[in-house]
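Structure record follows, encoded as structure tokens.
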Amino acid sequence: MKGVVKELKTPSPSFPPPHSQSEIHADTGQKMTQADLLVSSERLAAALQAQGVGPGDVIGVCSENSLEYCIPVLAALYVGATCATLSAGYTPRELMHAMSLSRPRLIFCSEAAEPLVREAADRVAGLAEEVVVMGRERQFLRHLTLEMFVSDYVSEQGRPQHFHLHRVEHPKEHVAFIFCSSGTTGLPKGVMITHHNVLSLLANQRYAVESDNLPLVEGYALGFLPMYHAYGLMILLYMLEFEATMVVMPHFNPETFLRTIQEYKITWCAMVPPILAFLAKHPMVLQYDLRSLTRVGVGAAPVSGDLLRQFKTRFPHIEFIRQGYGMTELTLSALANNANNHDKLESVGKLVPGLEAKVIDESGRSLGAGKSGELCFRGCIVMKGYVNNPSATSQIIDREGWLHTGDVGYYDEEGSFYIVDRLKDLIKYKGFQVPPAELEAILMSHPGVMDAAVIGVPDEGAGELPKAFVVKKDANVTAQQLVDYVNGQVSSAKKLRGGVQFVEAIPKNPSGKILRKELRGVVSPKSKL
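Here it is in structure tokens:
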């Protein structure tokens, strides 16, 4: 049996071609070849092994996207350790919580994240950590840098000494990564993803592309999704496996995003629905030449058919759009679709290989085609569980191995799946269940709307009333116009009785999921029965 690094390539001085580019920094143009990445990760692995780091240890990485991000990730995998990815955008309290979950032995961070990491690490009781600063822009006189950390364990030629690749004997049990769950329903939990999970995902991604008769990778890919998130990191591993070049953006910025696509002639980009909406609707986009972009992947949150149609209308040259459905606890993607299938734009796709699915009602009974219920999955990409939290693990994975997603959906006679909404997000109006995603899709189809979110606001008589928060695209659009627009297309229970409130932005997490709990904190409900 093999681990992830055996799939990505066994470290070897002769592989890969020395001048083959692996990553390019979007802002600086700095390049890292595949040979650079291989040697740097081997050197760090040798230093880790010399200090006794191996199976059972956790290596933390806390950084914005960078060329160096993958070095400690690969080094941890080489020596059999587990890599815990940590957001550089966390507050100290949030980072303390994440560190207390994964308990990293060492933490590799960027220069920008170093003060945050030290503050949080100092406040986590019993955390025996060492902080190593990544980056090659300057010398850190007061801090331990990556070069300083490895310097005693390399030869005069810069090659690692006394390094051996750890053999993963039990890939279904050996944890490769600890990701933090989205935290949309409470404090994040530590999601344990095994080597078997990752290998299965990479195999599924290869199968999906080959089954559509497409080249695995062609041209440059754009990497702006946060690498600490499962979505961003798995895309990075996919690029490494197929020896592709990724242009890396440290943070998302609209102008930089568009300029980078134009300048580097980006051909492939994975994104989240808010970015798809930006491309489909924002007038700024028309100022750039994006004709090189021919392949797009989108996931992490629902995408309406109307939004996909708007996107395809603005970018008719796009050859391939793949929409998917997944969650961190499913490694990344459980369902995947080719959105160029015009008659099923609302579908999130069919089941990936190696996975089973079922839809159940509130009693746990399996439902047939066309019946909405909770989506459940079982198979090769289901997480091992939550770190040191058997209670939470048993709440999401039952005794038969089925992972209960908390999402409501259904499948049709051809096996295509459709997402209705989050089970916990459903609005309860007078006993009726109202899916916010349906109302959001209608709002997003209005030409005067840039972005929208819908929540239920408390009401003494009805239980909850649907209320919309809207970011304007047209400054002249009114709340009443939008209420009338929605109410004219839905049944009585789904009408926007809570009204429309205009906001500057919809709060979302980095993967594009709406933070409804933040919206609930700003409403003052009024009955409009």
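Residue numbering for the sequence shown is 1 to 529, as defined by full-length UniProt numbering.
All C-beta atoms, glycine included, are put in the ideal place defined by N, C-alpha and C.
For residue j and residue i, the rounded distance between their alpha carbons
{"i": "Q139", "j": "P104", "result": "Because Q139 sits at a pLDDT of 46, beneath the cut-off of 50, its placement in the model cannot be relied upon, and the following sentence gives the value as read from the coordinates. Their Cα atoms are separated by approximately 25 Å."}
{"i": "K472", "j": "L202", "result": "39 Å"}
{"i": "Q205", "j": "M271", "result": "16 Å"}
{"i": "F502", "j": "C380", "result": "43 Å"}
{"i": "R516", "j": "P507", "result": "8 Å"}
{"i": "I318", "j": "A230", "result": "26 Å"}
{"i": "R322", "j": "N337", "result": "5 Å"}
{"i": "P92", "j": "Q481", "result": "43 Å"}
{"i": "K494", "j": "F469", "result": "15 Å"}
{"i": "R142", "j": "V133", "result": "Residue placement at R142 cannot be trusted, given a pLDDT of 49 that sits under 50; what the coordinates show is reported in the next sentence. For R142 and V133, the distance between alpha carbons rounds to 11 Å."}
{"i": "Y207", "j": "M246", "result": "21 Å"}
{"i": "V522", "j": "A453", "result": "13 Å"}
{"i": "E504", "j": "R399", "result": "45 Å"}
{"i": "G232", "j": "M96", "result": "22 Å"}
{"i": "L101", "j": "T267", "result": "38 Å"}
{"i": "F311", "j": "T294", "result": "12 Å"}
{"i": "A280", "j": "E438", "result": "19 Å"}
{"i": "D459", "j": "I442", "result": "23 Å"}
{"i": "V408", "j": "A176", "result": "30 Å"}
{"i": "K371", "j": "I360", "result": "9 Å"}
{"i": "E518", "j": "E42", "result": "44 Å"}
{"i": "G56", "j": "T82", "result": "7 Å"}
{"i": "L127", "j": "E119", "result": "12 Å"}
{"i": "S416", "j": "G406", "result": "19 Å"}
N- and C-terminal bounds of the beta strand (DSSP E) containing residue i
{"i": "Y429", "result": "427-429"}
{"i": "L465", "result": "463-472"}
{"i": "T405", "result": "403-411"}
{"i": "I261", "result": "Unbroken run through I261 is the alpha helix (DSSP H), 254-264; no beta strand (DSSP E)."}
{"i": "residue 554", "result": "Since the displayed the chain opens at 1 and closes at 529, residue 554 lies outside it and no answer follows."}
{"i": "L439", "result": "No beta strand (DSSP E) holds L439; the alpha helix (DSSP H) holding it covers 436-444."}
{"i": "A221", "result": "220-223"}
Where residue i falls, given that 16 or more other Cβ within 10 Å makes a residue buried
{"i": "T478", "result": "exposed"}
{"i": "M444", "result": "buried"}
{"i": "Q395", "result": "exposed"}
{"i": "G401", "result": "exposed"}
{"i": "E64", "result": "buried"}
{"i": "H170", "result": "exposed"}
{"i": "N197", "result": "buried"}
{"i": "G364", "result": "exposed"}
{"i": "Q34", "result": "buried"}
{"i": "D451", "result": "buried"}
{"i": "residue 536", "result": "No information on residue 536 is available, as it lies outside the stretch 1 to 529 that the chain covers here."}
{"i": "E356", "result": "exposed"}
{"i": "L332", "result": "buried"}
{"i": "P274", "result": "buried"}
{"i": "D425", "result": "buried"}
{"i": "K384", "result": "buried"}
{"i": "R497", "result": "buried"}
Span of the alpha helix (DSSP H) around residue i
{"i": "Y238", "result": "230-241"}
{"i": "V486", "result": "479-487"}
{"i": "E518", "result": "516-520"}
Inside the region 277-365 only - alpha helix (DSSP H) runs reaching at least 4 residues: Here the runs fully enclosed are 305-314.
Contiguous beta strand (DSSP E) assignments of at least 3 residues, all confined to the region 10-94: If only complete runs of 3 or more residues are kept, the region 10-94 shows the beta strand (DSSP E) at 21-25, 31-33, 58-62, 82-86, in order along the chain.
The region 47-61 in contact with the region 163-181 per 3-pair CB rule at 8 Å: The answer is yes - the region 163-181 touches the region 47-61, with three or more Cβ pairs under 8 Å.
The region 349-356 / the region 237-253 touching (three or more Cβ pairs under 8 Å): Because the criterion of three Cβ pairs below 8 Å is not met, the region 349-356 and the region 237-253 do not touch.
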